[in-house]
Structures are given as structure tokens and as C-alpha cells.
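Sequences listed follow chains S and C, in order.
All residue numbers for the first sequence refer to this note's numbering, where the first residue is 1 and numbers rise by one.
All residue numbers for the second sequence refer to this note's numbering, where the first residue is 1001 and numbers rise by one.
Taking it in order: structure first as C-alpha cells, then the write-up.
Protein chains: 2
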Amino acid sequence: MVNQQKDTEGKILDAAKDVFQQKGMTGARMQEIADKAGINKALLHYYYRTKEKLFEKVFEIAFSIFIPRMQEIMLSEKPVFEKIEFFIESYMDLLTKHPYIPGFVINELNRNPQILVNIFEKNIHIKENKLFEKFDAQIQAEVKKGIIKPIDTRNLMTNVIGLIVFPIVARPIIQGIMFDNDKKQYDAFLKQRKDFVKEFIINSIKPVNA
Amino acid sequence: MVNQQKDTEGKILDAAKDVFQQKGMTGARMQEIADKAGINKALLHYYYRTKEKLFEKVFEIAFSIFIPRMQEIMLSEKPVFEKIEFFIESYMDLLTKHPYIPGFVINELNRNPQILVNIFEKNIHIKENKLFEKFDAQIQAEVKKGIIKPIDTRNLMTNVIGLIVFPIVARPIIQGIMFDNDKKQYDAFLKQRKDFVKEFIINSIKPVNA
DNA sequence: CCTAATTTTGACCAGATGGTTAAACTAAAT
DNA sequence: ATTTAGTTTAACCATCTGGTCAAAATTAGG
């Protein structure tokens, strides 16, 4: 076969993603990844020399899933209101498909914040875009025009992202305390929350006289 | 000495708290805990037979730090607005003193949601209080009186807690991307955020004609 | 003091874990 | 068919890890 190779590499990454995201770097076992990929443990080290390197790859892929959409939305020409609504809609959908990634990323970054520096060094373009500066400029421009209330961009972004991500990473505790551990009910809650968060955010930055 | 015992047990718990909260259950090493406590590793197993049991104790203590204050505030006689403001003030201060706990709790619960069930079984009173039901009743009562906008209690609580907790658990990523990894700047951000979040929440539930 | 109970230690163990190696297998090129 | 390069495997290794145990040290009571 021409590409048994790529197939194996793909199976490894799939398995590694599952195991790392569920158990974390320290909890993951190379043997379990090998088993899940249906290969020999030695083959893992043939493709990715160390656990560390395999982990970095998985982390980078997980992290990169959330970057392009963010750039696309934030650098587009839409007004802030539309951007925020679209951002919430888009990322809440994305998180439904990848619910383990935020907790994984947050946890591993708390364990070793250096990971982020490494990613920035490898993918310079992420920082070069000056994503934040450009978005901040747009916000303050719209504030000046009276389209939105005066607001600190960092606080606003923290709020938007937090309201999206928190119910996902804290799912076990919220579902356990407020929803009697009913999975279906919590899924419904998350679905319904999309419009709630949109309104919540928009209300909070809409000028009083609008 | 009368109580070398309690002293040792305390030193163990202190050390275990540090190590578990920083490295998680799977990343923590009994040897490191022993070293940090200044004792022999065998002594750990003398006081807490297994790693699992020691971990459970540490988790329970960490978890319980956030319960009493929550109960006190939510079951008090104040109106909702005051409760929320006081809640935000109080918990943001608490998190400044215990910044590692939320990430620790969230991470371990994602790894093994069963932990929460065990805690509820041990500490029945937490669930018996019907904390949520009582608070929900108050909210809906004030909604009826027109003091606050119609709002879903679960969504509101998720928002309040999320806005408080998220900047703490996601600190490495937010500080890295939006604050150029400047620790002091981020501390200032968190301090300033208290009033911001209060306003943000209050604005969003204040009736339009108020 | 002497004794019994409790606390602390050093040495040790079995199993797990990340990683290595040499050999076997596969497929395409000559 | 033979060579060559890449792929896969089984067996193996050194180290780490949670946990045990018997003996030593300390403490409290009579």
C-alpha cells in the first residue's frame, strides 16, 4: 500500500487525542493509546519518539481547532454586535462537537503554562495578526460613535468566552448540582443557552438610549 | 508531646493539598508529598492508607471551602440584587486566596464525575438544603414583583459563577494572549473586574423601565 | 522505671511505565 | 529474484511508583 503510513499515523493521533483529552498528559498511558490505535506500543515511539512529543502534537491540533474561526470572525468587516452574536453561535456549536478540548487545554496550561509559549513560537502568525489590537480598535471606534456603551475590550472578551466555555468545562458540577445529573436535560440547557447568552451580552453593551 | 500526631496530620494535608492541586491526582507523587511534609513516605500510608484516600480528603476540603459562604449568602434575607453583588465580591476575594482550587475541582470532576456523588453521599446536608430551589423561588418572586427582569435561574447562576471562575481557571491563556503574560497586569485586571462583573450582571437583569 | 501503645523510619517489593533494540515483515524498484 | 527502504513486532530494560513490613524511636500510663 502507498500509505499504510499515513493511515497508521492518523490512527495514532485519533487514539492519542481520545486518551490525552480524557486523562490528561500525566494520566495517559502509552500502552492504552497503542491498544486504542490497534498497534504495538513500539510503533508509537517509531512515529513520535516520546510521550511528550505525541502530547505536544495532540495539544497543538486541539488548540488550533479554535483559532481559525476566531480570526475569521474577529477580523471580518461586520459591526461588533453581529460579530459577537456570530461568535457565540459559532463557538457554542463548535464546543458541542469538541466538548473535551477546553477542559483539556485549560488543565494542561495550568499544569505547564510554557506550552502556550511554545505554540506561539511555532505558529508566529497567531500573534502577528494582532487579533486583539484590531478588535479593540473596532470596539473603541464603535463606542465613540455611540453604537455601543463604553466598555473595556478585555473584560468584554473574557465575559463572552467565559459564558461560552464555562458551562462546558464545569459540566459535571453544574449538571450534578442544578440538573440532578440528568444528561439530556443538560444538553437541552446548553442548546437553549445560545440565545440566552446572546441576549445577555447584547443587553449589557447596548447603549441605554437605544 | 501531646499532639505530634495532629501536627503531622496537618503537615501531610498541607503538603498533599499543594501537590494535588498543582499536579492533579494522576500527576501527584506520594514521595513528593512526603518530602514536602518533611516525613517518611511510609508515614503517609500510616495516616491515609492509600493515595486515593488522601486525595479524597484533600478534594473534600477544597470543595467545602466554597460551600458555607454560598449557603450563607443564598439563604439570607437580602433581595436578589444585593445577594448577587455580595456573592461576586465575596467569591472573587475567596478565589484570590485559593486560585488553584477551581481548576483542581473542575479537572478532577471531569476525570471522574463520581467524586461529586461520593461527596453528596458523605455530606447529605449539602443537598438537603435545597439551596437551588429556595433561591429559584426568591428569583421568581422578585420577577413577579417586577424587581428584576424575567430570567431563568439556572442560566443566571451559571453566568454569575462563570464570570467569576473563568478568569481564574483560564488565567494562563487569557494572561498569555491578552496581557502579554504580565502577571502584575493580570492581577490588576482581576481586581478591577469585581465592579465590572457586578455592573455587567446587574445591568442584564435590571428591568428596562427602572 | 517499666511496660504497652503509638508514631516514625529504612529497606524492600511487585507491578507499571516510558522507552529501546534487533529481528521480521512488506512493498516497491532494479 | 534481489535489493532497499520503510514499517511492525516481540522481547526486553531501567526506572518509577504505590504500597508493605519489621524494627526502632517516642510517648503515655501505672
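Every residue, glycine too, gets a C-beta built ideally from N, C-alpha and C.
It should be emphasised that the depicted structure is a prediction, and the values quoted were computed from it without experimental measurement.
Within chain C, the residues that residue i reaches when beta carbons sit closer than 7 Å
i	result
Ile-174/S	Thr-1158
Phe-66/S	Result: empty, since nearest Cβ-Cβ is about 10 Å, beyond 7 Å.
Lys-144/S	Here the premise fails: no neighbours, minimum Cβ distance about 20 Å.
Arg-69/S	Within 7 Å Cβ-Cβ: nothing; Arg-69/S doesn't reach chain C, min ~15 Å.
Chain S contact for residue i (CB, 8 Å cutoff)
i	result
Asn-1118/C	no
Pro-1207/C	no
Ile-1106/C	yes
Phe-1189/C	yes
Ala-1016/C	no
Val-1165/C	yes
Phe-1196/C	yes
Gln-1004/C	Any reading at Gln-1004/C needs caution, since the residue's pLDDT is 48, under 50, leaving its predicted position unreliable; the model's value is listed next. Chain S, which has no Cβ nearer than 8 Å to the Cβ of Gln-1004/C, makes this no.
Contact list for residue i against chain C, beta-carbon separation under 8 Å
i	result
Ser-204/S	Phe-1200, Asn-1203 and Ser-1204
Ile-84/S	The contacting residues do not exist; Ile-84/S stays about 14 Å from chain C at best.
Lys-23/S	Thr-1026 and Arg-1111
Val-169/S	Ile-1106, Asn-1110 and Val-1169
Chain C contact for residue i (CB, 8 Å cutoff)
i	result
Thr-8/S	no
Phe-20/S	no
Gly-103/S	yes
Gly-162/S	yes
Met-1/S	Note that Met-1/S scores 36 on pLDDT, short of 50, meaning its location in the model is unreliable and no value can be drawn from it.
Assigned secondary structure, residue i (DSSP; H/G/I helix, E/B strand, else coil)
i	result
Lys-206/S	coil
Ala-1062/C	helix
Tyr-1047/C	helix
Ala-1028/C	coil
Tyr-1186/C	helix
Ile-1147/C	coil
Asp-1018/C	helix
Asp-1152/C	coil
Ser-1090/C	helix
Asn-159/S	helix
Ile-39/S	coil
His-125/S	helix
Pro-1068/C	helix
Asn-1118/C	helix
Phe-179/S	coil
Asn-1003/C	Low local confidence applies: a pLDDT of 41 at Asn-1003/C is under 50, so the model's placement there is unreliable, with the coordinate-based value given in what follows. If DSSP states are grouped into helix, strand and coil, Asn-1003/C belongs with coil.
Ala-137/S	helix
Among the options, nearest to residue i - alpha-carbon criterion
i	options	result
Ile-1012/C	Tyr-1046/C, Ala-1170/C and Gly-1024/C	Tyr-1046/C
Phe-20/S	Ile-174/S, Phe-86/S and Glu-52/S	Glu-52/S
Ile-1173/C	Lys-127/S, Ala-137/S, Ile-205/S and Asn-110/S	Asn-110/S
Val-197/S	Leu-94/S, Pro-68/S, Ile-84/S and Asn-40/S	Ile-84/S
Glu-133/S	Gly-38/S, Lys-191/S, Val-169/S and Met-74/S	Met-74/S
Ser-1064/C	Leu-1156/C, Met-1030/C and Leu-1094/C	Leu-1094/C
Phe-55/S	Thr-158/S, Asn-118/S, Asn-181/S and Asp-195/S	Asn-118/S
Asn-1107/C	Arg-1171/C, Asp-1007/C and Lys-1023/C	Lys-1023/C
Phe-59/S	Thr-96/S, Phe-189/S and Leu-116/S	Leu-116/S
Glu-199/S	Asp-35/S, Phe-86/S, Lys-41/S and Gly-10/S	Phe-86/S
Asp-1136/C	Val-1080/C, Arg-1193/C and Val-1169/C	Val-1080/C
Phe-66/S	Lys-36/S, Lys-97/S, Ser-76/S and Asn-159/S	Lys-97/S
Asn-155/S	His-1125/C, Lys-1191/C and Lys-1145/C	Lys-1191/C
Asn-123/S	Phe-189/S, Pro-68/S, Arg-49/S and Ile-139/S	Pro-68/S
Ser-90/S	Ser-204/S, Lys-194/S and Val-208/S	Lys-194/S
Phe-179/S	Lys-1127/C, Ala-1170/C, Ala-1028/C and Pro-1099/C	Lys-1127/C
Thr-1050/C	Ala-1016/C, Gly-1010/C and His-1125/C	Ala-1016/C
Cβ pair residue i, residue j closer than 8 Å
i	j	result
Val-165/S	Pro-102/S	yes
Ala-1062/C	Phe-1104/C	yes
Thr-1153/C	Pro-167/S	no
Lys-149/S	Lys-206/S	yes
Asp-7/S	Lys-36/S	no
Gln-71/S	Leu-131/S	yes
Val-1160/C	Ile-1201/C	yes
Met-30/S	Lys-41/S	yes
Met-33/S	Leu-44/S	Residue identity differs from the one stated: residue 33/S is Ile in this sequence, not Met. Result yes, Cβ atoms of Ile-33/S and Leu-44/S sit closer than 8 Å.
Asn-203/S	Asn-1129/C	no
Interface residues of chain C facing residue i [CB-CB closer than 9 Å]
i	result
Met-178/S	Phe-1132, Thr-1153, Arg-1154, Met-1157 and Thr-1158
7 Å Cβ cut-off: residues of chain S touching residue i
i	result
Arg-1049/C	Here the premise fails: no neighbours, minimum Cβ distance about 22 Å.
Cβ-heavy atom distance, residue i to the ligand GTP, below 7 Å
i	result
Asn-1159/C	Ligands displayed in this structure: none; no statement on the ligand GTP is therefore possible.
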